[in-house]
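Visitor: For the sequence shown, numbering that gives the first Met the number 0 assigns the number 0 to the initial residue and increments by one for each residue that follows.
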Amino acid sequence: MSTTIIDKIKKEIESLDITSIPEEVGVVTAASDGIAEIDGLKDAEMMEMVIFEDTDGLSLEEAIKSDDTLYGLILNLEEDTVKVVVLGGAARVREGMRVRRTKKLLSIPVSEDIVGRVVNPLGETIDGKGAIEGKADMPIERVAYGVMERSGVNEPVHTGIKAIDSMIPIGRGQRELIIGDRQTGKTTIAIDTIINQKYEPKEKRPICIYVAIGQKRSKTVSLMAKLEAAGAMEYTTIVATSASEASPMLFLAPFAGAAIGEYFMQQGKDVLVVFDDLSKHAVAYRQMSLLLRRPPGREAYPGDIFYLHSRLLERSAKLSAELGGGSITALPIIETQEGDVSAYIPTNVISITDGQIFLEGDLFNKGIRPALNVGISVSRVGSSAQTKAMKKVSGKIRLELAQFRELEAFMQFASDLDEETKARLDSGRKYVELLKQKQNDPMPFYKQVVSIYAANNGIFDGTEAENVHAIEETWLGFIERDRKDIFDAIETGRELTDELVAKLDTAIADFKEAHSSYYGS
Numbered sequence: 000m001s002t003t004i005i006d007k008i009k010k011e012i013e014s015l016d017i018t019s020i021p022e023e024v025g026v027v028t029a030a031s032d033g034i035a036e037i038d039g040l041k042d043a044e045m046m047e048m049v050i051f052e053d054t055d056g057l058s059l060e061e062a063i064k065s066d067d068t069l070y071g072l073i074l075n076l077e078e079d080t081v082k083v084v085v086l087g088g089a090a091r092v093r094e095g096m097r098v099r100r101t102k103k104l105l106s107i108p109v110s111e112d113i114v115g116r117v118v119n120p121l122g123e124t125i126d127g128k129g130a131i132e133g134k135a136d137m138p139i140e141r142v143a144y145g146v147m148e149r150s151g152v153n154e155p156v157h158t159g160i161k162a163i164d165s166m167i168p169i170g171r172g173q174r175e176l177i178i179g180d181r182q183t184g185k186t187t188i189a190i191d192t193i194i195n196q197k198y199e200p201k202e203k204r205p206i207c208i209y210v211a212i213g214q215k216r217s218k219t220v221s222l223m224a225k226l227e228a229a230g231a232m233e234y235t236t237i238v239a240t241s242a243s244e245a246s247p248m249l250f251l252a253p254f255a256g257a258a259i260g261e262y263f264m265q266q267g268k269d270v271l272v273v274f275d276d277l278s279k280h281a282v283a284y285r286q287m288s289l290l291l292r293r294p295p296g297r298e299a300y301p302g303d304i305f306y307l308h309s310r311l312l313e314r315s316a317k318l319s320a321e322l323g324g325g326s327i328t329a330l331p332i333i334e335t336q337e338g339d340v341s342a343y344i345p346t347n348v349i350s351i352t353d354g355q356i357f358l359e360g361d362l363f364n365k366g367i368r369p370a371l372n373v374g375i376s377v378s379r380v381g382s383s384a385q386t387k388a389m390k391k392v393s394g395k396i397r398l399e400l401a402q403f404r405e406l407e408a409f410m411q412f413a414s415d416l417d418e419e420t421k422a423r424l425d426s427g428r429k430y431v432e433l434l435k436q437k438q439n440d441p442m443p444f445y446k447q448v449v450s451i452y453a454a455n456n457g458i459f460d461g462t463e464a465e466n467v468h469a470i471e472e473t474w475l476g477f478i479e480r481d482r483k484d485i486f487d488a489i490e491t492g493r494e495l496t497d498e499l500v501a502k503l504d505t506a507i508a509d510f511k512e513a514h515s516s517y518y519g520s
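1. On the DSSP bridge list, what partners appear for G170?
2. Just list the beta strand (DSSP E) runs in the region 193 to 244, keeping only unbroken ones of 3 residues or longer that don't cross its boundaries, in chain order.
3. Please list the terminal residues of the continuous alpha helix (DSSP H) segment that includes V392.
4. Looking at T124: is its Cβ nearer than 8 Å to the Cβ of V117?
5. Look up M287 in the DSSP assignment and say whether it is helix, strand or coil.
6. Taking D164 and Q447 to be in contact with their CB atoms under 8 Å, please state how far apart those CB atoms are, rounded to whole angstroms.
7. Could you give the DSSP three-state label for D112: helix, strand or coil?
8. Return the CA-CA distance between E227 and I206, expressed in angstroms with no decimal places.
9. Along the beta strand (DSSP E) that carries G144, what are the first and last residues, could you check?
10. Can you name, in chain order, every residue of its own chain whose Cβ lies under 8 Å from the Cβ of A469, other than the five neighbours on each side?
11. To the nearest angstrom, how far is it from the Cα of I333 to the Cα of K279?
12. Nearest to V26 by CA position, among D417, E52, Y430, R91, is which residue?
13. Is there a Cβ from chain B that is less than 8 Å from the Cβ of Q196?
14. When DSSP labels each residue in this structure, what does Q355 get in the three-state scheme?
15. Locate the beta strand (DSSP E) running through A35, then write down its first and last residues.
16. Quick one: residues in its chain with C-beta nearer than 8 Å to the C-beta of L406, no 5 flanking neighbours on either side, listed in chain order?
17. Which residues in the same chain have their Cβ closer than 7 Å to the Cβ of E94, if we skip the five residues on either side of it in sequence?
18. Given that a residue counts as buried once 16 or more other Cβ atoms are within 10 Å of its Cβ, and exposed if not, what is Y452?
19. Going by DSSP, which residues form a beta bridge with P369?
20. How would you call K429, buried or exposed, if buried means at least 16 neighbouring beta carbons within 10 angstroms?
21. For I17, which residues from the same chain have a beta carbon less than 6 Å from its beta carbon, with the 5 sequence-adjacent residues on both sides left out?
22. Mind checking whether the beta-carbon of D487 lies closer than 7 Å to any heavy atom of the ligand COA?
23. Less than 8 Å between the C-beta atoms of G172 and P155, yes or no?
24. Quick one, which of R293, L271, L400, I507 has its alpha-carbon nearest T328's?
25. Quick one: what's got a C-beta closer than 8 Å to N466's C-beta in the same chain, skipping five residues either side?
26. Using a threshold of 8 Å, state whether the C-beta atoms of L86 and L40 are closer than that.
27. Taking only runs that begin and end inside the region 264 to 343, name each unbroken beta strand (DSSP E) of 3 or more residues, in chain order.
28. Can you name the residues that DSSP bridges to I50?
What follows is the structure in structure tokens.
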């Protein structure tokens, strides 16, 4: 082909008026239960947004900007038609309605201003504080970062809960499942973790995202009030969906949370995302899939339910230094029935995540809160996500508690116990008391270290288990008032040096002498 002909073709392409090319338009052939079947969109793509003709007379650009635009999301590509889930306002869709392609995959508008706000899964604010300015579109679905783009998890996310930070540490970039029956304190652990981030230095503090999937509106409002009272809303975003909303909105909520997290992660920041809870997400996906006529599998869930949660949770990562070193830490929550962790959805999510915090109903009812089952709970990142100070003091606790649980079960059948067994039981009871914590009262890690070190080194020897909380509170107050340099050194250095150990040993001796009334003398 000659150069003259090529130049001519180029000029013809440049002179084309792209705006005159007709948009791809389809027609709704059937609509029910929030699902629309559309004919005529032969080049449509999976997860593409479409606009229903409720905004008739507007250009595509004007329709997209309109607040009243009725969107749909393409989820089924069939031989002659596509099936679309309607994103809110499904009652407005009727047969014969025209539908336009946007040629844009579903995305959520995000900016720095989204922090401290409450939004729905489409990025629209629902807290009555006005719109969010300066938005960047973040795709709801995207391929997770590959292995070579990630780095090892080696920084902790301090939850403020002694039992977790000492025995089941969570690292930045990890996925740690919180699992247990209804009303066992799962959401409380997530909220305490968010509140505890206020103790982190501002430059290292994670942006927190709480995703409420099908929760009561009253619960979400109450939760927001708790975060505001604790001063945590200034670094937190809530993505809220209520139980009364259509299943597509519940389906999109966790993906919207992940997309918001990626916006900040790509800037090199750390992010903590709570998905509360993925059991409701699975039910919403099952409902949507059955309406889309996808074949049901085990427990009526569609066959790709595992893939749904894996592609969501795989987006949690600790990025390499070349990509800015940002991270997303995921805390998915799963509700079990009668403690059955072997059910379909729990086993799916357990196999995707890097560990689980299992909360037991029996322990909760006994007043042991958080109701942590030490035997089943695990962190697969382990001590690499702990500070040196916490690593040094926490080794003894798990062993003590495991032995205590074993002896406690055996004790029910034994009438006479030897002195060594009695001593072990007494020590175990004191550790159980030490690890109890009040709701929404997280403890900064340097206080945890001082508290656990004192327990390991005999501060509770010679006293009763019921005195543990009083002694701990008095001991931490004593250090805060008279030996504050110990707290400061652990907070900044994050390790227990020989000098600090000597200071703590002296402080324990001085405390026991000054507070002899606790020890029966």
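All C-beta atoms in this analysis are idealised placements derived from N, C-alpha and C, irrespective of residue type, glycine included.
Guide: With the given structure in hand:
1. P155
2. 206 to 214, 235 to 241
3. 387 to 410
4. yes
5. helix
6. 6 Å
7. helix
8. 15 Å
9. It should be pointed out that residue 144 corresponds to Tyr in this sequence rather than to Gly. Premise fails: Y144 is in no beta strand (DSSP E) and is neither H nor E.
10. Y517
11. 9 Å
12. E52
13. This model lacks chain B altogether, as it is built from one protein chain only.
14. strand
15. 34 to 38
16. T420, R423, L424, G427
17. V27, T28, A29, A30
18. buried
19. None; P369 has no bridge partner.
20. buried
21. Note that I17 scores 38 on pLDDT, short of 50, meaning its location in the model is unreliable and no value can be drawn from it.
22. Of the ligands one can find in the structure shown there are none, so the ligand COA has no counterpart to examine.
23. no
24. L271
25. F459, Y517
26. no
27. 269 to 275, 326 to 334
28. Y70, R99
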